[in-house]
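Numbering-wise, my numbering comes out as the position in the sequence shown, counting from 1, plus 777.
What follows is one structure encoded as structure tokens, with my remarks underneath.
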Amino acid sequence: MSTSVEPATERSADEVNEEIRALWLRSGGTLNGEQRAEYQRLVLEWAAAAPAGEGGLRAA
């Protein structure tokens, strides 16, 4: 059984990036354990959403 939470709809890389920025602002620049887990999830979501050539992780 998976415990990960998948987004209800796919978001653009820009939308995810805004959430990442907001997380850093809320945290004051230092992430606690829960925030770090959220950050890691968001980075993976951002990488999946980012178009190739704009920082996205795409297989060659």
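Cβ atoms here follow ideal geometry from the backbone N, Cα and C, with glycine treated the same way.
Per-residue burial, residue i [other beta carbons within 10 Å of its own, 16 or more giving buried]
| i | result |
| --- | --- |
| E811 | exposed |
| E822 | buried |
Nearest-angstrom Cα separation, counted from residue j out to residue i
| i | j | result |
| --- | --- | --- |
| G805 | A829 | 31 angstroms |
| L808 | I797 | 12 angstroms |
| E795 | S789 | 10 angstroms |
| Q817 | E787 | 17 angstroms |
| L802 | A824 | 20 angstroms |
| V793 | L819 | 7 angstroms |
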